[in-house]
Amino acid sequence: MDAAAEGGEHGVALSQTGNDRLPLLANRTYRLAVAPVQDAAGLLLSNIGNEQLKWETTRRASVGLDLSLWHDRWQLSADVFWARTSDLVTRRQLADVAGMRYYWDNDGELTNRGFELSTSARIIEHKDWKLTFGATLGHYKNRIRELASGAFTTDVAGATILTSEGLPAGVFYGWQTRGVYADAGAATADGLGIISANGDKMAYGAGDVRFVDQNHDGIIDDHDRVVLGDPNPDIYGHFNLQLKWRRLALDGLFAYSLGVDAYNAMRQQLESGSSLFNQTTAMENRWMADGQVTDIPRATFGDPMGNSRASDRWIEDASYLKLRTLRLTYDLPLRISAIQGIKVWAAANNLFTLTRYLGADPEFSMSTAVLCQGVDAGLVPSSRSFQLGMKINL
Amino acid sequence: MKHYTLFILAGLLFLTACEDVFETDSDSVVIDNGARIEHPGDSLYSAMGILAQFQRLGERYVLLNELRGDLMTTTSAADKDLQDVANFTVEAGNAYVDRMDYYAVINNCNFALERMDTSIVDYQTKVMLPEYVAIRALRDWTYWQMALTFGRVRYVDRPLLSLESTLADYPDKTIDELAALIIDDLTPYLGTRHLDYGAVDGIQTNTLFVPLEPFLADLHLYLNHYAEAAQLYYDYIYAHQLTISEGYSNDWTTNTRTDASMNHTASYTGEMLFQMAYSSDAREYHPSLIRLAYNTVPGIEPAASFVSMMAERTYFFTPVNGQTIGAYLLSDLRGQAVNRSGRNFPAAYGQFSFQNNEKNLLINKFNDVAANVVGGYDPDNEAVASLTFIRQLPLLRTPHLYLRLAEALNRLGKPSMAFAVLKYGLTDETLADPQKVAPNETAAGETYVNFSWAHYSNGSNQNVGTARRGLGRGLPFDKEIYVIGEQPSLQDSILVVEDMIVDEMAAETAFEGNRFFDLLRVARHRNQWPAYAAGRVSRRFKDVPDAFNRLNDAEIWWIK
Chain A
1 MDAAAEGGEH GVALSQTGND RLPLLANRTY RLAVAPVQDA AGLLLSNIGN
51 EQLKWETTRR ASVGLDLSLW HDRWQLSADV FWARTSDLVT RRQLADVAGM
101 RYYWDNDGEL TNRGFELSTS ARIIEHKDWK LTFGATLGHY KNRIRELASG
151 AFTTDVAGAT ILTSEGLPAG VFYGWQTRGV YADAGAATAD GLGIISANGD
201 KMAYGAGDVR FVDQNHDGII DDHDRVVLGD PNPDIYGHFN LQLKWRRLAL
251 DGLFAYSLGV DAYNAMRQQL ESGSSLFNQT TAMENRWMAD GQVTDIPRAT
301 FGDPMGNSRA SDRWIEDASY LKLRTLRLTY DLPLRISAIQ GIKVWAAANN
351 LFTLTRYLGA DPEFSMSTAV LCQGVDAGLV PSSRSFQLGM KINL
Chain B
395 MKHYTLFILA GLLFLTACED VFETDSDSVV IDNGARIEHP GDSLYSAMGI
445 LAQFQRLGER YVLLNELRGD LMTTTSAADK DLQDVANFTV EAGNAYVDRM
495 DYYAVINNCN FALERMDTSI VDYQTKVMLP EYVAIRALRD WTYWQMALTF
545 GRVRYVDRPL LSLESTLADY PDKTIDELAA LIIDDLTPYL GTRHLDYGAV
595 DGIQTNTLFV PLEPFLADLH LYLNHYAEAA QLYYDYIYAH QLTISEGYSN
645 DWTTNTRTDA SMNHTASYTG EMLFQMAYSS DAREYHPSLI RLAYNTVPGI
695 EPAASFVSMM AERTYFFTPV NGQTIGAYLL SDLRGQAVNR SGRNFPAAYG
745 QFSFQNNEKN LLINKFNDVA ANVVGGYDPD NEAVASLTFI RQLPLLRTPH
795 LYLRLAEALN RLGKPSMAFA VLKYGLTDET LADPQKVAPN ETAAGETYVN
845 FSWAHYSNGS NQNVGTARRG LGRGLPFDKE IYVIGEQPSL QDSILVVEDM
895 IVDEMAAETA FEGNRFFDLL RVARHRNQWP AYAAGRVSRR FKDVPDAFNR
945 LNDAEIWWIK
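Chains A and B, in that order, are what the protein sequence lines are. Each step along the first sequence adds one to the number in the working numbering, with nothing skipped, and position 164 is 164. Each step along the second sequence adds one to the number in the working numbering, with nothing skipped, and position 312 is 706.
Set out below in C-alpha cells:
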C-alpha cells in the first residue's frame, strides 16, 4: 500500500487580543441609589473609578502542523500554543480614607501552554457504506506568573478560590479531612478544636469532621488550608463516528474531560446538616450514635464547629464521557429541480454520561469568569432532549 | 463609484444611528461627571445618601463609647474583638480598628459640599444653604466620633474620587486640634435653618441632622471653654423650650415598695433631639444592640459596680402632692426597681428569666427603640418572641443638654446652680431661693443663668431636677443626704458637684453612647486625664488596682 503523506502544511500564528470583559463601569466613579429608611431615596458613592484600567492583553503564539495521508483518507493536525495574559483585572484594597474597600486594577500575569491534536479518518469508503471517525485531544497548563499585590482568596458559592503566583488560576483552597470521629475518645485523642468568635477553644467531639491539622498547633483555622483541587482538566476533547449506508447516516458525537476537579457547592448546602433546608438522602448516613463509622458528620443547627466548611468533602472528580449527540439522518430521493435536496433527521442530545461526579451534570459552568470555573452552584444542567427535523436545500 | 458611494452613505448612517453604542452613561448608576448640585432634589438625595451610610456608625458609637466607660462590660459570650475593647487590649487585627465606614460618610459629605452651589437664591434665601450646613455638620460630627475613638484622624476636606487622591498624604489632627478646627468650621453657620423634611417612614427627619449649638457646645466644653459652652447649651434649650419633665420618672407608688410606676425608659425616645434612624423594613440594615444586650446569651451587660452604685443610692419617697419625705428607700429606680417581694421592675436594666428559668441581669434600654415583625423570629436570639430590631438610636436628649450645662456652670464657679439642675430643676422659684442657689452665682446676670421665663413658671411644664426621676418625688425636700455639704473652698464644692454630675450622667443616660466622652471631659477639666477616668473605669474589673495601673496610660484608651 502506498502510504505516502500526500499533503502537509505547517503554520505559525502570532496574535494579540484583548479581553474587554471588564467589570461594569469599573473605570468610572459613580453613586448608587440607597434608602436610609423606607420612602427615602438617596445617592451614595459606590465606586472610585480607575481611569488607568485597561483590558487584559493576551499574546499568543502557536505552531501547527497539518498532514494528510493516503489520498486524504487520514488527516492529522497538531497545534502547540503558548499564551501570556498580562494586566489581569483584579480587585485591590483601597486606603481607608477612600471610604470604600476595593477598586479594580490591572495586576498580574498568567501563562497558558498547551497543545491540541485532532484527527479524522475515512475508515470505510465504499459506494454504499462509509465510516468516518474524528477525534480531538487537548491539554493545557496555566500558571499565574505574577501578582504584585500578593496572593488572595475569593469566595464563590461557598468555595474558596486561591489566586497565587506559581499556581493555576481557580484552584480550590480549604481544609483536608480524614473522616468523622466515631466516638469521643477518638476526638479527645486528637485534641483538636477551633477558636470560637469569643476567643474560647471549642474541642471537636464525637460526630465532628476530623480535619487535618497541617501546622500541628491543635487548632483548625485558616493556617491549615491547602490547595484541594484544580478545575483545569488534564485532557479534554471529543470524538465522533459517522456510519452511512446509502442515504441513511448515523452520527455520534462524544465529549470527554479527564482530570478535572469540581467543587460541589450544591452538596455543601444539601448535606451540611446545619440549617432547615431540605437535605439529601445521604444524610441518613450521618453520625448519630457513639462508635458509628461514617464520613458524614452529625447534624448541628448553625454548624458551630464548621463541619460543612470549604473542605475536600465537596471536591469531586468531575471527569466524564458523554454521548452528546446521536443523530439519524435520511436523505430523501427527490427529482424536483427546484429543490436540491431534503433531509429528515432525528437526534437525541445528552443520551448518557459516564462519570463518578455526584452532581446533576459534570459539564457545568457557573459563569464564564475564570475564578468560577469548577464551582457547581446548581444551575440548570444539560438535559436529555430529542429532536426531529427537516432540512430543505433550495 | 455609485456602489462605493452607497456603502459610504450606509456606513455613515450606521454610525450616526448607533452613536449611542459609544455612550458609556448608565441608567442604573449616577456617574460622576463633575456636575454641580444645583437642584433641590439633588441636594436632598445627597443628604439621604449620607444618612444611609451614617446609620452604619450607630452600633459602634454605643459600643465603643460605653465599653470604654464604667457602666457596661462584655460577657464571655461576646465576640473577642468586643471583649478586647472592653478590656483595653485591642490589637492591630481588631475589627473595630477599621475606619472605612467613618470615611465613607466623610467622603460623601465632601463630595456634596464641593458640588453644592450655595449661591443659588430664591429672592434673598440661599436655598442650598440648609443642606450644605447639615452635611457639613454631619461630616464634622463623624470626624469628632473618629477622634473620640482613635485619638487622632487623617483630615480630608475634599472628595476623593480618583485612585491617586486616595493614595495621597493627608494631615493628621489630634483630638484637640480637631475640636478647634470644627468650632471654626461650624460657628459661622449658627442660625442657619435646621433641615426638616417632615415625617418619613414614621421618623421625624429634623432629628436626623446634627443640632449645631449642642455640638459646638460639646466641643467648647471639651476644650474647657465653659462660658461659650454654657451659652450655646442655653441658647438651644431656650430656642426649643426644652424642660426636664417629671413625666419621665420612676417612682415607688407606696412607701413599702410594693409597686412601682416606671416611665423613665420612655424618655429614651420621648426627649430625643438627634438620632440615627433605621428602616421599618426588617430586611434592611439595623444595629445588633438588642441581640447583644437582650438575649439568653448576651454579649454585653451592665457593669456590676454600676448596678451596685445605683442600688445603694437613696430614694426619697413622697406621695403625690406631698410636701415632706415619707420614707427613705434604696436604689435609683432609673436602673431597676426590686420590690419587697423580689419582683423586678426593669428600667435601663433588669432581671429577666427565659425558658431555662435562670435570672439574667440584662440591659433593657434598647427595647424601647425596637420594632418587631410579628411571626418572624431571630435564630440568634431566643429571648425575643419575634424578629426584633432597632429603629432609632438616640444620640442626644434633653437631659444631656441640661447635665452638660450643669457641668459648664459648675466649672464657671456656680456649683449650687449646677447642683440645682440635678436636685431642684431650673425654675424661677429655684433660682430665687438662696437655700438652693447661692445668689452670688446669678448676680452677674449672664444670659445662661436666666431661667425666668413664663414657660418655666407654668406648673404643668415646670423643670424638675434630673435626679428626681430616679431618686423620688421627695428629693427636693432632702437636706441631709443628697447635698453638696459644707466644703472648705469653692474649688472643693466644684469637685464634689462634678462627681455628682458624673454619677447623674450615668444614672440618666446609661448605655446611650456618651459615657467615654463624659469621663474624658471631666478628666480634662481636672487636668487628670487619664487618671480620673481610670479611677472610675477600673471599678468594673476584678483586680481594681491592676486595672487602674493599666488604664493610667493615656494611649490605652484609643482603639488602635
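Heads up, the beta-carbon is just placed ideally off N, CA and C, and yes, glycines get one too. Owing to the predicted nature of the structure, the values given are computational and were not obtained by experimental measurement.
{"query": "Does B:Met-395 come out as helix, strand or coil in the three-state DSSP assignment?", "result": "No answer about B:Met-395 holds up, because its pLDDT of 48 lies below 50 and its placement is not dependable."}
{"query": "Which of helix, strand or coil does DSSP assign to B:Leu-945?", "result": "helix"}
{"query": "Should B:Asn-943 go down as buried or exposed, given a rule of 16 or more other Cβ atoms within 10 Å for buried?", "result": "exposed"}
{"query": "Is the beta carbon of B:Glu-840 closer than 7 Å to that of B:Lys-808?", "result": "no"}
{"query": "Residues in the stretch 198–217 of chain A with C-beta within 9 Å of chain B's C-beta atoms, listed in sequence order?", "result": "Asn-198, Gly-199, Asp-200"}
{"query": "Taking 7 Å as the CB-CB limit, is A:Val-37 close to chain B?", "result": "yes"}
{"query": "May I ask you to report which of helix, strand or coil DSSP gives A:Arg-178?", "result": "strand"}
{"query": "Do you know how far the Cα of B:Gln-730 is from the Cα of B:Phe-739?", "result": "6 Å"}
{"query": "Measure from the alpha carbon of A:Ala-78 to the alpha carbon of each residue in A:Arg-91, A:His-139, A:Gln-93, then state which is nearest.", "result": "A:His-139"}
{"query": "Are the beta-carbon atoms of A:Asp-105 and A:Ala-262 separated by less than 7 Å?", "result": "no"}
{"query": "Out of B:Tyr-620, B:Asp-629, B:Asp-436, B:Ser-725, state which residue places its alpha-carbon closest to the alpha-carbon of B:Arg-804.", "result": "According to the sequence provided, residue 804 of chain B is Asn. The question's Arg does not apply to it. Taking only the C-alpha atoms, the option nearest B:Asn-804 is B:Tyr-620."}
{"query": "What does B:Lys-384 pair with, by DSSP beta-bridge criteria?", "result": "The question about residue 384 of chain B has no answer here: the residues shown for chain B are numbered 395 through 954."}
{"query": "Could you check if A:Ile-392 is buried or exposed, using at least 16 other CB atoms within 10 Å of its CB as the buried criterion?", "result": "exposed"}
{"query": "Taking Cβ positions only, does A:Asn-50 come closer than 7 Å to chain B?", "result": "yes"}
{"query": "So is B:Phe-935 in contact with chain A if we call contact Cβ pairs under 7 Å?", "result": "no"}
{"query": "Taking C-alpha atoms, which residue in B:Gln-856, B:Val-547, B:Asp-726 lies nearest to B:Leu-869?", "result": "B:Asp-726"}
{"query": "Under 7 Å, Cβ to Cβ, is there at least one residue of chain B near A:Ala-3?", "result": "Confidence at A:Ala-3 is low in this model, with a pLDDT of 48, below 50, so the placement of that residue should be treated as unreliable; the coordinate-derived value is given next. Taking Cβ atoms only, chain B never reaches closer than 7 Å to A:Ala-3, which makes this a no."}
{"query": "Starting from the beta carbon of B:Leu-555, find every residue of chain A whose beta carbon is closer than 7 Å, and list them in chain order.", "result": "Thr-29, Ile-48"}
{"query": "Check whether the Cβ of A:Asp-312 lies closer than 7 Å to any Cβ atom in chain D.", "result": "Here the protein chains are A and B, and chain D is not one of them."}
{"query": "Under 9 Å Cβ-Cβ, which residues of chain A neighbour B:Phe-505?", "result": "Arg-31, Leu-45"}
{"query": "Is any beta-carbon of chain B found at less than 7 Å from that of A:Leu-94?", "result": "yes"}
{"query": "If the cut is a Cβ gap below 7 Å, which residues of chain B does A:Val-97 touch?", "result": "Tyr-497, Arg-548, Val-550, Leu-554, Thr-560, Tyr-564"}
{"query": "Please check if any C-beta of chain B sits within less than 7 Å of the C-beta of A:Gly-64.", "result": "no"}
{"query": "Taking the alpha helix (DSSP H) that B:Gly-435 belongs to, which residues open and close that run?", "result": "434–448"}
{"query": "Does any residue of chain A have a CB that is nearer than 7 Å to the CB of B:Asn-488?", "result": "no"}
{"query": "Kindly say whether B:Asp-473, judged by its beta-carbon, lies nearer than 7 Å to any beta-carbon of chain A.", "result": "yes"}
{"query": "Contact defined as beta carbons within less than 8 Å: I believe B:Val-896 pairs with B:Ile-878. What is the distance between those atoms, to the nearest angstrom?", "result": "No, B:Val-896 and B:Ile-878 are not in contact; Cβ-Cβ is about 14 Å, not under 8 Å."}
{"query": "Mind pulling the chain A residues with CB within less than 9 Å of B:Ala-671?", "result": "Pro-36, Val-37"}
{"query": "Could you tell me the alpha carbon to alpha carbon distance between B:Arg-685 and A:Thr-163, rounded to whole angstroms?", "result": "37 Å"}
{"query": "Output, in sequence order along the chain, the residues in the stretch 346–376 of chain A whose CB is closer than 7 Å to any CB in chain B.", "result": "none"}
{"query": "If distances are taken between C-alpha atoms only, which option among A:Thr-300, A:Glu-116, A:Tyr-181 comes closest to A:Gln-292?", "result": "A:Tyr-181"}
{"query": "Start and end of the beta strand (DSSP E) containing A:Ile-315?", "result": "315–317"}
{"query": "Suppose you measure from the CA of B:Ser-556 to the CA of B:Phe-603; what does that come to, to the nearest Å?", "result": "29 Å"}
{"query": "How would you list, in chain order, the residues of chain A whose beta-carbon sits under 8 Å from the beta-carbon of B:Met-442?", "result": "Val-34, Ala-35, Pro-36, Ala-40, Ala-41, Gly-42, Leu-43"}
{"query": "Can you check whether the CB of B:Tyr-564 is closer than 7 Å to the CB of B:Arg-548?", "result": "yes"}
{"query": "Under a Cβ-count criterion, where at least 16 other Cβ atoms within 10 Å of its own Cβ denotes burial, should A:Met-1 be classed as buried or exposed?", "result": "With a pLDDT of 40 at A:Met-1, under the threshold of 50, the predicted position of this residue should be treated as unreliable, though the coordinate-derived value follows. Flag for A:Met-1 reads exposed."}
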